[in-house]
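Novice: Start counting at 1 in the sequence shown, then tack on 34, and there's your number in this note's numbering.
Provided herewith is a single structure, encoded as structure tokens, for subsequent inquiry.
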Amino acid sequence: MHQSMKAVFFGILSLVMAQAAQAGESHQDMQMSHGEMKAEQQVISATGIVKDIDFQNKKITIAHEAIPAIGWPAMTMRFTFTTQDDGINALKSGNKVNFSFVQQGNISLLQDIQVTQS
């Protein structure tokens, strides 16, 4: 029994030592494919009515129609814009708009917004 305990102990010890030696090896030359690191973002189009514009925080509140492409019902939500151009500056509460955005985590980032004639 004592001999078998020694064999088990030395077997485990040799596995631990082999693992430690392998962990210390350089893996820089390994040819691994990491694939596409950033997935293509889906641009989503919708229609709605501007409810509020917050220039200081760069947010536009829009009551949008249902967006079947992503399974969203009609709702009112805030969209973030990054560039304050003439089109953004011309928006007014009550404007009917066509807009597109991408979803970045919990941020809906406007890509384009155009006032429509209703």
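Ideal placement from N, C-alpha and C gives every residue a C-beta, glycine not left out.
Predicted model only: the values in this text are computed from it and were never measured.
How about Thr114 and Ile141: are their beta carbons less than 8 Å apart?
Specialist: Closer than 8 Å, so yes.
Novice: Give me the Cα-Cα distance between Lys85 and Gln75, rounded to the nearest whole angstrom.
Specialist: So the alpha carbons of these two residues sit roughly 26 Å apart.
Novice: If you draw a straight line from the C-alpha of Glu99 to the C-alpha of Phe133, how long is it?
Specialist: The straight-line gap from Cα to Cα measures roughly 11 Å.
Novice: Roughly how many whole angstroms lie between the Cα atoms of Val77 and Gly105?
Specialist: Cα to Cα, the separation comes out at about 14 Å.
Novice: What is the DSSP secondary structure of Asp120, counted as helix, strand or coil?
Specialist: Helix at Asp120.
Novice: With distances taken Cα to Cα, identify the nearest neighbour of Gln90 among Gln118, Ala108, Ala103.
Specialist: Among Gln118, Ala108, Ala103, the Cα nearest to that of Gln90 is on Gln118.
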